[in-house]
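Report on one structure; see the data block that follows.
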Amino acid sequence: MKRLLLPAILLILLAGIYISYCSAIDADRTLPNTTVNDTDISDMTFKEASDALEADARKRQKSSVFTVSYAGCDYTLSVGSALQMDHNAAAQEALRKSQTGFFLRGLTRLGARFTENHIQYPKMSTDAEEFHRILEESRILDKKNADPASYKIENEQLLITAKSAWKVDEEALMRELAAAIQTKDFSGTIECPLACDDLDNLERIYDELHTACRDASLDPSNDYAITESVTGVDFDKELAEKKLSRAKAGSTVAVELHYTEPEITTEDLKAHLFKDTLGTVTTPVGGSANSRTNISLAARKCDGIILLSGEEFSFNNTVGIQTAETGFKTADAILDGEIIQAYGGGICQVSTTIFAAALYANLKIVERWNHDYIARYIDAGLDAAVAWDALDMRIANDTPYPVRIDVDYSGSALTVTLLGTRTDDAVIEITTKTLDNPSDNLLEIVTYRNVYTEDMSQLFIEKVAHSVYEKSRTIN
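Count the sequence shown with the numbering used here and you get residues 21 to 496, in order.
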């Protein structure tokens with residue numbers, strides 16, 4: 021009986037000691053011999069462990085300077101700002117291992133004293149945008165590791181060698197650097213991982229070869245010197261991408277090149293520039309001396325204006341505001357149906373003569389207004405009234421060649437000649453038709469542009485103006 025009693029007493033005693041030990045254990049502290057990424061956080065509270073790991077993370081970030089070798093060059097990358105460690109999660113993971121059931125608490129802690137409890141945590145989290153910024157700043161992305169002979173041109177075909185270009189594999193490089201930071205391996209040189217760069221290389225090839233077709237023209241910023249024509253070059257980039265994606269390394273992908281010849285070559289423009297008179301009109305000049313001064317000034321401002329293909333001429337923008345400061349005199353002008361004295365009176369004869377010449381030149385009429393009264397210097401329906409900031413006369417060069425406006429004022433006559441390049445044999449005839457108007461004092465006229473071929477076969481009739489005048493009065 022005594023033999024059985026002693027072991028029982030010892031067992032009870034040991035159990036009491038173990039229970040007391042379990043009771044004394046602070047389950048809110050990490051186990052002994054606990055390290056996270058080589059940082060000792062043994063017997064620490066959550067906050068103590070978190071602070072210790074945060075300090076370690078900051079040290080690692082400051083030390084995260086690597087030498088990366090790529091295409092024969094070494095680049096220094098400081099990547100700490102792009103690589104983050106969740107120290108709170110790591111501390112929580114370490115603490116979780118100590119928080120077992122009450123009766124296992126003692127065994128767990130005793131076992132931890134004799135074994136290492138190393139936690140390789142946390143995994144690095146990366147900021148891809150920040151990492152890309154760091155790579156750009158280092159200039160490593162500027163290095164394009166492409167075979168200079170990755171493409172050639174033969175028989176109007178683009179021949180591209182597949183898998184002949186490489187670039188930095190940003191994701192793989194990020195993983196390698198993150199692993200090095202976790203193991204505190206900051207020494208040595210990291211060989212940059214590469215990814216196939218065929219598509220980016222194709223983009224570079226496209227940028228090198230693609231050329232927009234351009235007609236020869238004139239350069240307004242260089243005294244209207246001739247700009248050379250350019251033959252367009254293009255290829256189907258999407259088709260090339262598909263072929264490259266399927267091609268084996270070292271194989272050749274063929275893509276047709278497409279050439280577009282300019283409609284107007286440099287030689288063509290030189291030979292035909294301002295060669296033809298597209299339209300010319302002369303109007304007699306009367307009126308006062310001030311009116312003639314205004315006509316002369318407006319004529320000089322418009323003389324020599326060049327309109328490139330597609331450009332528009334605005335009389336108001338060309339002549340500008342009419343004031344004493346800009347050199348204009350007061351002369352007869354129409355305002356609200358009455359003849360008054362105004363600066364610039366008479367300049368409508370210049371806008372009118374240009375408008376009429378544009379009709380015969382078969383240019384596009386953008387804006388035109390008639391006078392309230394019939395002008396003495398041109399037939400009704402062919403005038404073009406202007407008023408600063410109100411009425412404008414605008415024409416557009418809708419021919420493929422440049423057009424020049426020549427204005428000659430002799431004192432008694434005003435001649436406008438539009439010079440350009442004829443592209444057809446069209447013959448222009450301007451006609452007018454008087455419409456019935458219920459008022460006996462009003463003259464209503466429609467102006468037509470009739471376009472014929474050289475043999476006078478009519479191509480089309482275009483209504484270009486509608487005018488209403490007061491019959492009883494005229495203006496110079």
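For every residue, glycine included, the Cβ atom is placed at its ideal position computed from N, Cα and C.
If you're wondering where the values come from, they're calculated on a predicted model, not measured in any experiment.
Integer Cβ distance of residue i from residue j, believed to fall under 8 Å
i, j, result
"L463", "K491", "5 Å"
"I495", "D352", "6 Å"
"V427", "L439", "About 12 Å separates the two Cβ atoms, so there is no contact after all."
"A260", "I180", "7 Å"
"V253", "L277", "6 Å"
"V406", "F335", "5 Å"
"S89", "T203", "Contact flag wrong, Cβ pair sits at about 19 Å."
"P282", "A236", "7 Å"
Counterpart residues of residue i in DSSP-defined beta bridges
i, result
"C216", "W186"
"Q177", "E174, E276"
"D58", "DSSP, once it has assigned bridges, lists no residue as partnering D58."
"V406", "V406 pairs with nothing; no bridge assigned."
"A485", "T467"
"E211", "S89"
"V301", "V436"
C-alpha distance - residue i paired with residue j, whole-angstrom precision
i, j, result
"C212", "S84", "16 Å"
"E190", "E68", "36 Å"
"E287", "T231", "20 Å"
"I341", "A362", "12 Å"
"K318", "V370", "For the sequence presented, residue 318 should be read as Ala rather than Lys. Rounded to the nearest angstrom, the two C-alpha atoms are 7 Å apart."
"A485", "S249", "37 Å"
"Y421", "L327", "9 Å"
"I284", "F294", "14 Å"
"A192", "S158", "17 Å"
"E449", "K384", "15 Å"
"N382", "W389", "18 Å"
"A377", "N310", "25 Å"
"D412", "E474", "33 Å"
"Q478", "L455", "23 Å"
"R49", "A200", "29 Å"
"T302", "T251", "42 Å"
"D162", "W186", "12 Å"
"E332", "M194", "57 Å"
"S487", "R493", "15 Å"
"A291", "Y380", "23 Å"
"T272", "T87", "36 Å"
"D403", "Q177", "58 Å"
"K349", "S459", "36 Å"
"V466", "K453", "5 Å"
Which listed residue (the options) has its alpha carbon closest to that of residue i
i, options, result
"T96", "E156, T55, N390", "E156"
"D76", "A236, T65, A111", "A111"
"L51", "C93, N108, E74, K117", "K117"
"S101", "R49, M64, I154", "I154"
"T297", "L31, V447, S430", "V447"
"L501", "T247, L193, K321, V253", "It is not possible to answer for residue 501, since the shown part of the chain is limited to 21 through 496."
"V471", "D444, V339, D460", "D444"
"I61", "I32, T87, L115", "L115"
"Q104", "Y90, F151, I139, D94", "F151"
"T313", "D403, T280, G365, L355", "G365"
"A215", "F206, K183, I315", "K183"
"R80", "A148, S207, E174", "S207"
"E174", "T303, K82, C93, A274", "A274"
"E223", "D256, G252, S432", "D256"
"A416", "T435, K453, I374", "I374"
"L238", "I225, L402, S329, W186", "S329"
"E113", "T87, M64, K82, Q177", "M64"
"R320", "R266, L434, P304", "L434"
"P240", "D106, I325, D205, A269", "I325"
"G357", "V466, Y393, A269, L197", "Y393"
"V305", "R396, V386, C233", "R396"
"L355", "W408, N337, T346", "W408"
"D217", "S170, L197, Y279", "S170"
"I139", "T338, N242, D58", "D58"
"V386", "D418, F480, K82", "D418"
"D147", "A198, N108, A109, E345", "A198"
Heavy atom of the ligand SAM within 7 Å of residue i beta-carbon
i, result
"S492", "For the ligand SAM, the structure offers nothing, since it holds no ligand at all."
Neighbour flag for residue i against chain C, beta carbons, 8 Å
i, result
"P282", "Reference to chain C is not applicable here, since this structure consists of a single protein chain."
Review point. Which whole runs of the alpha helix (DSSP H) in the region 414–473 are 4 residues long or more, in chain order?
Key: DSSP assignment within the region 414–473 yields no whole alpha helix (DSSP H) run of 4 residues or more.
Point to revise | Runs of alpha helix (DSSP H) lying entirely within the region 232–273, each at least 4 residues, in chain order | key: Counting only runs of at least 4 residues, the region 232–273 fully encloses the following alpha helix (DSSP H) elements, listed from N- to C-terminal order: 257–266.
Point to revise | beta strand (DSSP E) segments (min. 3 residues) lying fully within the region 310–395 | key: The DSSP assignment places complete beta strand (DSSP E) segments of no fewer than 3 residues inside the region 310–395 at 325–327, 332–334, 350–355, 358–363, 384–387, 393–395, in order along the chain.
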